[in-house]
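Worksheet: one structure, shown below.
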Amino acid sequence: MKKLSSLEFRLLSVIFGCIFVLSIGLHSFAQEPNTEILWDTYGVPHIYSKNERNAFYAFGWSQMQSHGNLILRLYGTARGRATEYWGEKYLESDRWVRSMGVFDRAQTWYEAQSPTFRLYLDAFAAGINRYARQHPELIDDSVEVVLPVNAVDVLAHAQRVLNFTFVVAPTTVAELTKQERNYGSNGWAIAPEHSESGNAILLANPHLPWSDLFLWYEAQIVAPGIDAYGATLVGIPVLAIAFNDNLGWTHTVNTYDGWDVYELTLADGGYRFDGKLKTFQTQEQTLKIKQSDGSFRQETFLVRHSIHGPIVAEKDGKPIALRVAGLDRARALEQWWDMARATNFTQFEAVLKRLQLPMFTVMYADRDGHILHLFNGQVPVRDRGDFNYWQGIIPGDTSATLWTKTHPYKDLPRLLDPKSGWLQNANDPPWTTTFPLALNPDDYPAYMAPRGVMNFRAQRSARMLAEDEKISLKEAIEYKHSTRMELADRILDDLIDAARRSNKASVRQAVQVLQAWDRQADADSQGAVLFDFWTQEMDFPNSFAIPWRENAPRVTPDGLKDPQKAVTALETASAKVKAAYGKLDIEWGEVFRLQYGTVDLPANGGFGDLGIFRVVNFESGDNGRFYSVDGDSYVAAIEFSNPVKAMVLTSYGNATQPNSSHVGEQLELFARKQLRVAWRSRQEILTHLAQRQVFAADSLGF
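Just so we're aligned, residue 789 is where the sequence shown starts under our numbering, counting upward by one.
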């Protein structure tokens, strides 16, 4: 055998070394999963995938593991077949969904998706189905009838949530004409010049019911072109509130009017429009209704449509038609997905300009220091009337009141990088997003948004931002947990002054309690219960001496119109508190409770109408106690430092499946006014790993 020269030996060594390294690399690549879910100890799924389609599959799987029973019930309801599956109690829901044409429209929406995003929706549904097939024992028998689901179900659910719950919530003519919406949120965007660290800060704080289709689901999705952390409503396949290493956004429910009700004039079996007779379009709907004995009965009803939309009710013998904007905008989910993929403001705003989301204020901040408030929505172009005019029943016999277009992006109230260095929204109209005022309502159509009122919660929000010149992330979180009552700061001194003149012992005792009270709704606050009961006896806002004024939005309303009447109300409230609880200075947390699942804790926080920034809404229960049902749900406080710092909380936990340890597990943190670190790096996640699920390429089910 020929002896190798030293040079030849070196060359061969290099070659064999390269082959060895390459083989190790190929082996490692083969062992690295295509898609995996890393579950942290709070039940948050961190999805890692080498392609977007598989990420959607894993997100469907993870939502089923956390909320499987709920998702199937929501999808079954969005089909308009809930009475067939679960009986009479869903009859009104099915009538509404069928009358609105939700499921039929969802099929049209599916065809309107981009080819790529249609595949993503298919993958999300496939993940749901695959989980159900592999874990049938973990799915409740009563909801298995909904399986299998498909992408049309996903879109029907999204449409029901967005267009027929947030945009149009009511389902009776009485509610329709009131046009009231009780969903709320807080949102802050703080620019570097107003931040202690010199980095922009974003606060996300939606307030929604703690049940049904309003539950938030927290997750992280990492795939080519995306590494986003945030939350979405259960059953929605993309993050609706999110941040990445460069930017983030949140939503608040804005003072948006994207629907109207029209009164029609009947004539000869049809209705009159522009002096001519028009006929109704009709569609017969049949509901299959499950009975208590397992049998079924059928109910048929006729859906009539005018040129305005479906007939939803009658008033004084006249049909009432409903018109909703944006039902031809099918790609809201893709817009959210692309918002999470954006890496700078220019990219983000380009996505916003699509205007696929039917409503919601957008509050935005990024690493470059930009902050944005956008009054987002598909706002109808109307040729008359102010905001209040369009809250009533509109004459439907003329094309003069029938809108057919919506405003383009450039027409919407928008504020970028204000001089103040901060933006806030607490469901107040866009005009009070910062101070000094930077948006003039006179520059917009009178119907775009109401001229007032800046509610007390929004006033509290603006006060905290304006009174601190440099806000740190820690301070932003402390402010987020503030339970101080702006209403008490505005009116309590006047009440005490008036009540001091009383010679009644009960009133004097009430004065002592209110004087000693810290004006907060913390668990140990004494006097908050009495003040809350007093407000229930008052006729606000009509009881203020000075009403809210547009030229003094942060200091009005103010004063008591009738001090003696207020003292009488205090006497009545004192008697009720004493009778119910045995003392006037009972602690807030004794009366108001945080409850979810089996967890029951003393509450802090309360009603936004009191000017409390930390919102918790309650319903009455046993023994005079009140239990949480609504309010602070998902919270995220993000500083766009390098790396990004983020603290989060999902108040009621990240699961609803029976026997899950994550049901209600974060409520104790909520009660202690604490957030948790958002684990985003792979190393952090592995340090707090509870479960790892790996999906081989051949096991993805499509």
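By construction, the Cβ of each residue, glycine as well, lies at the ideal position given by its N, Cα and C atoms.
Quiz item: What distance in whole Å lies between the Cβ atoms of residue 1112 and residue 1046, which are believed to be in contact at a cut-off of 8 Å?
Solution: To locate residue 1046, count along the sequence shown from 1; it is residue 258. To locate residue 1112, count along the sequence shown from 1; it is residue 324. Rounded, the Cβ-Cβ distance is 7 Å, consistent with contact.
Quiz item: Can you give the Cα-Cα distance for residue 1439 and residue 1421, rounded to whole angstroms?
Solution: For the purposes of this step, residue 1439 is identified with residue 651 of the sequence shown, where counting begins at 1. For the purposes of this step, residue 1421 is identified with residue 633 of the sequence shown, where counting begins at 1. Taking the straight line joining both Cα atoms gives about 5 Å.
Quiz item: What is the DSSP secondary structure of residue 1474, counted as helix, strand or coil?
Solution: Taking the first residue of the sequence shown as 1, we reach residue 1474 at position 686. Three-state result, residue 1474: helix.
Exercise. Inspect the beta-carbon positions of residue 1402 and residue 1391 and report whether they are closer than 7 Å.
Key: Here residue 1402 corresponds to residue number 614 of the sequence shown, with the count starting at 1. Here residue 1391 corresponds to residue number 603 of the sequence shown, with the count starting at 1. No. Outside cutoff.
Quiz item: According to the neighbour-count rule (16 or more other Cβ atoms, all chains shown, within 10 Å of its Cβ), is residue 1396 buried or exposed?
Solution: The residue labelled residue 1396 in the question sits at position 608 within the sequence shown. Looking at its Cβ environment, which holds 16 or more other Cβ atoms inside 10 Å, residue 1396 is buried.
Practice problem: Pull up the distance between the alpha-carbon of residue 1441 and that of residue 1053, whole angstroms please. | Solution: As a working note, residue 1441 is residue 653 in the sequence shown. As a working note, residue 1053 is residue 265 in the sequence shown. About 51 Å.
Quiz item: When the distance is taken between beta carbons, is residue 870 closer than 7 Å to residue 881?
Solution: For the purposes of this step, residue 881 is taken as the residue at position 93 of the sequence shown. For the purposes of this step, residue 870 is taken as the residue at position 82 of the sequence shown. Against a cut-off of 7 Å, the Cβ pair of residue 870 and residue 881 comes out as a contact.
Practice problem: Using 10 angstroms around the beta-carbon of residue 1303, count the other beta-carbons present and answer buried if the total reaches 16, otherwise exposed. | Solution: By one-based count along the sequence shown, residue 1303 stands at place 515. Flag for residue 1303 reads exposed.
Quiz item: Are the region 1450-1464 and the region 1275-1291 touching, with three or more C-beta to C-beta distances below 8 Å?
Solution: no
Quiz item: Which of helix, strand or coil does DSSP assign to residue 887?
Solution: Taking the first residue of the sequence shown as 1, we reach residue 887 at position 99. Residue 887: helix per DSSP, three-state reduction.
Quiz item: Within this structure, are the beta carbons of residue 1322 and residue 1357 separated by less than 7 Å?
Solution: Position 534 of the sequence shown holds residue 1322. Position 569 of the sequence shown holds residue 1357. It is a contact, given that the beta carbons lie within the stated cut-off.
Quiz item: For residue 1394, which option in 1041, 1418, 1388 and 1090 has the closest C-alpha, if you only look at C-alpha atoms?
Solution: Here the question's residue 1394 lines up with position 606 in the sequence shown. That would be 1418, whose Cα lies nearest to the Cα of residue 1394.
Quiz item: Given 8 Å as the limit, is there contact between the region 1103-1112 and the region 992-1007, that is, 3 or more CB pairs closer than that?
Solution: no
Self-check item: As assigned by DSSP and simplified to three states, the class of residue 1313
Solution: By one-based count along the sequence shown, residue 1313 stands at place 525. Shown here, residue 1313 sits in coil according to DSSP, grouped into three states, outside any helix or strand.
Quiz item: Leaving out the 5 sequence neighbours to the left and right, which residues in its chain are closer than 8 Å to residue 768 when beta-carbon positions are compared?
Solution: Residue 768 lies beyond the stretch modelled for the chain, which goes from 789 to 1490, so this question has no answer here.
Quiz prompt | residue 1246 to residue 1483 span [Cα, whole Å] | solution = Counted from its first residue, the sequence shown places residue 1246 at position 458. Counted from its first residue, the sequence shown places residue 1483 at position 695. Here the alpha carbon of residue 1246 sits roughly 46 Å from the alpha carbon of residue 1483.
Self-check item: N-terminal and C-terminal residue of the beta strand (DSSP E) that residue 1234 is part of
Solution: Taking the first residue of the sequence shown as position 1, residue 1234 is located at position 446. Neither: residue 1234 is in no beta strand (DSSP E) and is coded neither H nor E.
Practice problem: Could you say which of 1307, 1363, 1379 and 1294 lies nearest to residue 1325 if we only look at CA atoms? | Solution: Within the sequence shown, numbered from 1, the residue matching residue 1325 stands at position 537. Residue 1363 is the option with its Cα nearest to residue 1325.
Quiz prompt | Anticipated Cβ contact below 8 Å, residue 1234 with residue 1217, distance rounded | solution = Taking the sequence shown and counting its residues from 1, the one referred to as residue 1234 is at position 446. Taking the sequence shown and counting its residues from 1, the one referred to as residue 1217 is at position 429. With 8 Å as the limit, residue 1234 and residue 1217 do not qualify as a contact, their Cβ atoms being about 12 Å apart.
Practice problem: In angstroms with no decimal places, state the Cα-to-Cα distance between residue 1000 and residue 1265. | Solution: Start at 1 with the first residue of the sequence shown, and residue 1000 comes out as number 212. Start at 1 with the first residue of the sequence shown, and residue 1265 comes out as number 477. Each residue's Cα considered, the two are about 28 Å apart.
Practice problem: Quick one: measure Cβ to Cβ for residue 1314 and residue 1375, integer angstroms, because I've assumed they're closer than 8 Å. | Solution: The sequence position of residue 1314 within the sequence shown is 526, counting from 1. The sequence position of residue 1375 within the sequence shown is 587, counting from 1. The C-beta separation of residue 1314 from residue 1375 comes to about 6 Å, placing the pair in contact by the 8 Å criterion.
Exercise. Report the partner residues of residue 1433 according to the DSSP bridge assignment.
Key: For the purposes of this step, residue 1433 is identified with residue 645 of the sequence shown, where counting begins at 1. 1427.
Quiz prompt | Own chain residues within Cβ distance below 7 Å of residue 1085, not counting five before or after | solution = The count along the sequence shown starts at 1 and reaches residue 1085 at position 297. If we look at residue 1085 and ignore the five residues flanking it on each side, its Cβ neighbours are 1077 and 1079.
Quiz item: For residue 836, which residues does DSSP report across the bridge?
Solution: Walking along the sequence shown from the start, residue 836 turns up at place 48. Beta-bridge pairing by DSSP links residue 836 to 824 and 1010.
Quiz prompt | Boundaries of the beta strand (DSSP E) in which residue 1134 is found, first to last residue | solution = Within the sequence shown, the letter at position 346 stands for residue 1134. Run containing residue 1134: none in the beta strand (DSSP E); it sits in the alpha helix (DSSP H), 1133-1140.
Self-check item: Own chain, CB closer than 6 Å to residue 1131, minus 5 neighbours either side, in chain order
Solution: Within the sequence shown, residue 1131 is the residue found at index 343, counting from 1. Excluding sequence neighbours, residue 1131 sits near 1034.
Quiz item: Taking the C-alpha atoms as reference points, what is the distance between residue 821 and residue 843?
Solution: Within the sequence shown, the letter at position 33 stands for residue 821. Within the sequence shown, the letter at position 55 stands for residue 843. Whole-angstrom Cα-Cα distance: 12 Å.
Practice problem: Take every Cβ of the region 1248-1256, pair it with every Cβ of the region 1209-1228, and state whether three or more of those distances are shorter than 8 Å. | Solution: They touch, by the three-pair rule.
Practice problem: Identify every run of the alpha helix (DSSP H) within the region 1275-1325, keeping only runs that are complete inside it and at least 4 residues long; order them along the chain. | Solution: 1293-1304 and 1316-1325
Quiz item: Closest to residue 1457 by CA distance: which of 1147, 1005 and 1383 is it?
Solution: For the purposes of this step, residue 1457 is taken as residue 669 along the sequence shown, with counting starting at 1. Cα-wise, what sits closest to residue 1457 is 1383.
Quiz item: At a cut of 8 Å, does the region 1195-1204 reach the region 1056-1063 through at least three beta carbon pairs?
Solution: no
Quiz item: Which runs of the beta strand (DSSP E) spanning at least 3 residues fall entirely within the region 1168-1234, listed in chain order?
Solution: 1181-1183, 1202-1204 and 1210-1213
Exercise. Please report how far the alpha carbon of residue 817 lies from the alpha carbon of residue 1468, in whole angstroms.
Key: Along the sequence shown, read from residue 1 onward, the residue named residue 817 stands at position 29. Along the sequence shown, read from residue 1 onward, the residue named residue 1468 stands at position 680. Its pLDDT being 33, under 50, residue 817 is placed unreliably by the model, and the measurement read from it follows with that caveat. Using only the alpha carbons, I get a separation of about 23 Å.
Quiz item: Which residue spans inside the region 1002-1049 form an unbroken beta strand (DSSP E) run of at least 3?
Solution: 1004-1011, 1014-1021, 1029-1031 and 1035-1040
Quiz item: Cα separation between residue 1437 and residue 1423?
Solution: Within the sequence shown, numbered from 1, the residue matching residue 1437 stands at position 649. Within the sequence shown, numbered from 1, the residue matching residue 1423 stands at position 635. Residue 1437 and residue 1423: Cα-Cα distance of roughly 5 Å.
Quiz item: With 16 as the cutoff for other CB atoms within 10 Å, does residue 732 come out buried or exposed?
Solution: Here the chain comprises residues numbered 789 to 1490, so residue 732 is not present and cannot be evaluated.
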